[in-house]
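Novice: What follows is a single structure, and I will ask about it in a moment.
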Amino acid sequence: MEVQQFNYDNKIVKYFIIATLIWGAVALLVGLLIALQLAFPAFNLGLEYTTYGRTRPLHTNAVIFAFIGNAMFAGMYYSLQRVLKARLFNDLLSKVHFWGWQIIIVLAALTLLGGFTTGKEYAELEWPVDILIALIWVTFGANMIGTILKRRVKHIYASVWWYLASFLGIAVLHIVNSVELPVSLLKSYPVYAGAQDAVVQWWYGHNAVAFFLTTPWLGLMYYYLPKASNRPIYSYQLSIVHFWTLIFLYMWSGPHHLLYQALPDWVQALGVTFSIMLIAPSWGGMINGLLTLRGAWDKVRDQAELKFMVVALTAYGMATFEGPMMSLKSVNAISHFTDWTIAHTHIAGMGWNGGMIFGMLYWLVPKLFRTPLYSKKMANTHFWLATLGILMFAIPLYWAGITQWLMLREYNANGLLTYPNFLETTTQIMPMYHFRILGGLLFFSGFLLFFYNMFKTIAMGNLVDNEAAEAPALTDSSARKAGETLHRLIERKGVVLTVLVLIALAIGGAVEIIPMLKIESNIPRIAAVTPYTPLELAGRDIYVANGCYNCHSQQIRPLRWETDRYGEYSKIGEFVYDHPFQWGSRRTGPDLARAGWVGSSTYKTAIWHYNHFTKPKEINPQTIMPAYPWFAKNNVDLTDIPKKIRAMQTLGVPYAPGYDQKAVADYKEQAQIIVAELKASGVDIAADKEIIAMIAYLHKLGRDISPANQK
Amino acid sequence: MNFAGEVLQNVDGIKYFYIAGILIFMVLFVVILYRTIKIPRKDLEDFKSSIFENDELKTKKTNHKS
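This is how it looks when you write it as structure tokens:
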């Protein structure tokens, strides 16, 4: 049998490792900043670019795509070549992938801080960046699939199935969720609206967790844990069963983000059912990983990389039990919109993803650079700082979530809410926010030790850019052999495997989304609900641009303590013209769905909004909302208004034909009413200021179905 | 523009699609489980060890389940 000589590309692995270290520092630093902003609003720095509404999406995108993303590619490219015994398919594709990904990250940082956002979580990037992401993702996929096709091994090891599923899953999710109609270079509207947008967005959002934060990392675990512990994986059979189960079930679980919300019951039921079922394959992965270490736990004591992987798997098990529990409606009624959700995401993000990144790199970097780790003591110190940091981050937030819910739902002897003012709950949980900062500081301190340790190890070592290897050529073995099972056959056939994975992924999304898009009866209309006026639309775009949805929801659930606090619960038909939906996922501030319903607790006059936007602490000294004085200074670009109206018409919003021609005139006419109101209260301001549009938008929320509007 | 198109206006019984989905899943799960259990032990040991170089894994025999 011919033995072929070839080289592994180590240089691309090094590039991705260095990018991981740099972006990791940035992502965690921004995380510290936003933790400080929530406790001490002065950290918003008085600039529109650094307000929490813009920095929080920067943190989530930096952690997911910059830190975890680069680490994922480093780990994949190293392991892929070695399990397939083939150099990466094409060096140019590797370079395009690397540099393209870094350009995406830089563009993300600039656009998010600049206020150019779609307003959809983890999919905030505007359409030109979305296109770039698609191109670079295809580049990555071509490189990976090309390597699979030119492999020198017959069977495709488990890790590669997970990598393939990740590539296909993210491709499908990104393309479907990013279908948007551009209005200008950096502004677009999603083609979906209201509840449809919500279903598509959270199908994407949860499966971004699945196929970016879970499946590739399970694949990496299946390679790096055995390599680091020198023990083969516990059960290959379990890896097969939990792979197919997980990729099929995950795609159905998105609606668990929308429980008790304005969505048909059958969609919510689907999300709950499949989320509970997801415990089994998730724990299959955890069990397979932890039992791999049977007989090798003494190594865990001595090797920091194994310590991190054990914590990672434990955190994974915790999060994948907790998540399904939070998908039960009774638990979700408590946890949704509170800090419990934030605690949950950080157990998973810091524990599972962080733990796997640190564990993987503590093993990989010395191996790659052919040198011992610079300091084992530093690595062990990092481990304890990280673990304590995670605990000090998450436990206070669990406490905060439960505290806030208990306060929000408490009634006094007269049957009235004990804490009618939302701000009372925010004030009560401030000490927990201070602890969160400490937890973050601990975690970040550990990361700094890791950062230093990695760079010192790299400096000490000697990378061989092109590592020599040899392996027998792959003989033609396409025919099914006698006694060969179907799965063994599939494992040998990359294209067949790819197609089957794609089918498994696609079913869940299709069953949930297609009926929502197609079936009119799923979205009962409300005749009183009218499209946004040009002024209200401009205000809505400012709301989206400043990330108000990061703190405020627009979704009142049919729970007594919510309807008593905010008013009539939200109906699906209210949101039919909302491109994008803005239901929110966290209440750091009160819900705004009835901010336009005169007489509701959240209705405020124009002058109140003016003062609250420009000087919030004068209205509520304990508020943590940042000030937005620039709303009173910045002008709305009125030349954009006709374009926006035409875009909305294209998306099916029923403005009259030719309305774009008179939209600016209507804008000015409506603005003058608000200007007059403010003038009567002693504020003189021009009609084209952003604050006028914002007030108009807030006064629209819930107004259409209010009694005042019916008269 | 009607983005969604006019392909499907009404589908009777749409709510039962999810029951069909669960049934598909159950059937496939049982089939995959059965066929996986039938894989020969030796082949599984080979797959598990395939990521190790010749001298990396000191003992090929483990107490692990296949």
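Quick mapping for you: the protein sequence lines, in order, are chains A and B. The numbers in this note's numbering rise by one with no breaks, and the one at position 143 of the first sequence is 143. Going from the second sequence to this note's numbering is simple: count from 1 and add 711. The C-beta atom is built at its ideal place from N, Cα and C for all residues, glycine as well.
#1: Measure the CB-CB distance between Ala538 (chain A) and Val683 (chain A) and report whether it falls below 7 Å.
#2: Relative to the C-alpha of Leu747 (chain A), which candidate in A:Val598, A:Asp578 and A:Pro616 has its C-alpha closest?
#3: According to DSSP, is Asn10 (chain A) helix, strand or coil?
#4: Between Ile743 (chain B) and chain A, is the shortest Cβ-Cβ distance under 7 Å, so that the two count as touching?
#5: From the DSSP output, in three-state form, read off Val544 (chain A) for me.
#6: Relative to the C-alpha of Ile691 (chain A), which candidate in A:Tyr628, A:His257 and A:Lys662 has its C-alpha closest?
#7: How far does the alpha helix (DSSP H) with Glu669 (chain A) in it reach, from first residue to last?
#8: By Cβ distance below 6 Å, which residues in the same chain neighbour Pro396 (chain A) in space, the five residues on each side in sequence not counted?
#9: For Trp496 (chain A) and Arg151 (chain A), I'd like the C-alpha separation in whole angstroms.
#10: So, at 8 Å on beta carbons, what are the nonlocal neighbours of Thr345 (chain A) in its own chain, with the 5 sequence-adjacent residues on each side left out?
#11: Quick check on this structure: which residue in A:Lys679, A:Thr602, A:Phe243 and A:Gly355 has the alpha carbon closest to the alpha carbon of Leu739 (chain B)?
#12: Less than 7 Å between CB atoms is the rule here; does Gln237 (chain A) satisfy it with respect to chain B?
#13: Between Glu180 (chain A) and the rest of its own chain, which residues show a CB-CB distance below 7 Å, the 5 nearest in sequence each way excluded?
#14: So what's Asn414 (chain A) in DSSP terms, helix, strand or just coil?
#15: Using a Cβ-Cβ cut-off of 7 Å (strictly less than) and excluding sequence neighbours within five positions of Leu678 (chain A), which residues of its own chain qualify?
#16: Quick one: which chain A residues come within Cβ less than 7 Å of Lys753 (chain B)?
#17: Going by alpha carbons, who is nearest to Ser760 (chain B) out of A:Leu92, A:Arg370 and A:Lys227?
#18: Looking at C-alpha atoms only, which residue of A:Met251, A:Asn70 and A:His336 is the closest neighbour of Ala506 (chain A)?
#19: Step through the CB atoms of chain B and report whether any lies within less than 7 Å of the CB of Val241 (chain A).
#20: Cβ atoms of Asn453 (chain A) and Met378 (chain A): under 7 Å apart, would you say?
#21: I want to see whether chain B comes within less than 7 Å of Tyr452 (chain A), judged by CB atoms only; does it?
#22: In the DSSP assignment, find the unbroken beta strand (DSSP E) run with Ser184 (chain A) in it and report its ends.
#23: On a Cα-Cα basis, can you pick out the residue from A:Leu112, A:Leu442 and A:Ser570 that is closest to Asp704 (chain A)?
#24: Under a CB-based cut-off of 7 Å, is Trp363 (chain A) close to chain B?
#25: From Ile103 (chain A) to Lys753 (chain B), what does the alpha carbon distance come to, in whole angstroms?
#26: What do you reckon, are the CB atoms on Trp352 (chain A) and Ala312 (chain A) nearer than 7 Å?
#27: Quick check on the DSSP output: what are the complete alpha helix (DSSP H) runs of length 4 or more inside the region 215 to 301 of chain A, in order along the chain?
#28: Between which two residues does the alpha helix (DSSP H) containing Pro431 (chain A) stretch?
#29: If we ignore side chains and look at the alpha-carbon of each, how far apart do Val675 (chain A) and Ser600 (chain A) end up?
#30: Identify whether Asn421 (chain A) lies in helix, strand or coil by the three-state DSSP scheme.
#31: Suppose the cutoff is 8 Å on Cβ atoms and the five residues either side in sequence are ignored; what does the same chain contact list for Leu278 (chain A) look like?
#32: In chain B, what lies closer than 8 Å to Pro472 (chain A) by C-beta?
#33: Looking only at its own chain, which residues have a Cβ that is under 6 Å from the Cβ of Lys166 (chain A), when we skip the five neighbours before and after it?
#34: Using a 10 Å radius around the Cβ and a threshold of 16 neighbouring Cβ atoms, would you call Ala42 (chain A) buried or exposed?
#35: Measure the Cβ-Cβ separation of Val529 (chain A) and Gly194 (chain A) and say whether it is below 7 Å.
#36: The alpha helix (DSSP H) that contains Tyr729 (chain B), what's its start and end?
Specialist: Put simply:
#1: no
#2: Outside the shown range of chain A, which is 1 to 711, sits residue 747 (chain A), and nothing can be said about it.
#3: coil
#4: yes
#5: helix
#6: A:Tyr628
#7: Ala663 to Ala680
#8: Met432, Phe435 and Arg436
#9: In the sequence on display, residue 496 (chain A) carries Val and not Trp. So the two alpha carbons sit approximately 15 Å from each other.
#10: none
#11: A:Phe243
#12: yes
#13: Thr118, Trp127, Ser188, Tyr189, Pro190 and Val191
#14: coil
#15: Ala606, Ile607, Tyr610 and Ile685
#16: Neighbours of Lys753 (chain B) on chain A: none; closest Cβ ~12 Å, over 7 Å.
#17: A:Lys227
#18: A:Met251
#19: yes
#20: yes
#21: no
#22: Glu180 to Ser184
#23: A:Ser570
#24: no
#25: 47 Å
#26: yes
#27: 215 to 229, 236 to 250, 265 to 277 and 279 to 292
#28: Met430 to Met460
#29: 23 Å
#30: coil
#31: Leu246, Leu249, Tyr250, Ser253, Thr320, Gly323 and Pro324
#32: Residues of chain B passing the Cβ test: none, with the nearest at roughly 13 Å.
#33: First, the residue type needs correcting, since residue 166 (chain A) is Ser and not Lys in the sequence shown. The answer, listed in chain order, is Phe211, Thr215 and Pro216.
#34: exposed
#35: no
#36: Phe728 to Ile748
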